[in-house]
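Residues in the sequence shown are numbered consecutively from 105, following my numbering.
Built from N, CA and C at the ideal position, the CB exists for glycine as well.
This report concerns only the one structure given below.
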Amino acid sequence: GVSNFFVPPEKLRCSGADAVLGVLPLARELVTKGAEVVFACNSLPALNDITAEEMQEVLAKAAEVCPALGRAVQAGKASVVANGSGSPCINLRLVSEELAKAAEGVDLLVIEGMGRAVHTNLHTVFSCDCIKLAMIKNQRVATQLFQGQIYDCVCKFDPAVGSM
């Protein structure tokens, strides 16, 4: 029965939900429109965030069942890079060299997750268009920043500096 069911804690990370149900469908849509997509994921585990190594596996599996992603991966139009971080937040001045090179000249940056999109980059201005996506998991943050409630979602579009 359930009482003797045991899974090692390291196998219980829920790092795939945002990737599989959120980021991958968005990436699929982008590649079908001709975009190149680079998934920048943590180098090391942090809370429930997916790592670059895990995302590599997820993308490979998705490419097997989704022709659009499969073609993009084969053509080098969908790839994964490690961001150099092991934190749920990200200081974009301290990313890996691999990510810095991959980000050169991008047209759109999508920052996903409360730590990255809200805690550390909500008011950051970029030289490209940016979409910041997050679910707010702290009532104080929800109230102070958005006059909202816990579990409200944020979808903030910031146009590139000087584009408007």
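Q: Under 6 Å Cβ to Cβ from residue 253, same chain only, skipping five residues before and after it: list those, please.
A: 246
(Q) Using a 10 Å radius around the Cβ and a threshold of 16 neighbouring Cβ atoms, would you call residue 229 buried or exposed? (A) exposed
Q: Please go through the stretch 222 to 258 and give each complete beta strand (DSSP E) segment of 3 or more residues, from N-terminal end onward.
A: 233 to 239
**Q.** Rounded straight-line distance, which links the Cα of residue 172 to that of residue 136
**A.** Going by the C-alpha atoms only, they are around 6 Å apart.
Q.
Please identify the residue among 227, 220, 210, 139 whose C-alpha is closest to the C-alpha of residue 239.
A. Taking only the C-alpha atoms, the option nearest residue 239 is 220.
Q. By a C-beta neighbour count over all protein chains shown, 10 Å radius and 16 as the cutoff for buried, is residue 203 buried or exposed?
A. buried
(Q) Please report the straight-line C-alpha distance between residue 153 and residue 267, rounded to a whole angstrom. (A) 32 Å
Q. What is the DSSP secondary structure of residue 122, counted as helix, strand or coil?
A. helix
(Q) Check for me: the alpha helix (DSSP H) holding residue 131 runs from which residue to which? (A) 128 to 136
(Q) Output needed for residue 257: all residues of its chain with C-beta closer than 6 Å, excluding positions within five of it in sequence on either side, in chain order. (A) 239
**Q.** Minimum C-alpha distance to residue 138 - residue among 149, 241, 175
**A.** Nearest option by C-alpha distance: 175.
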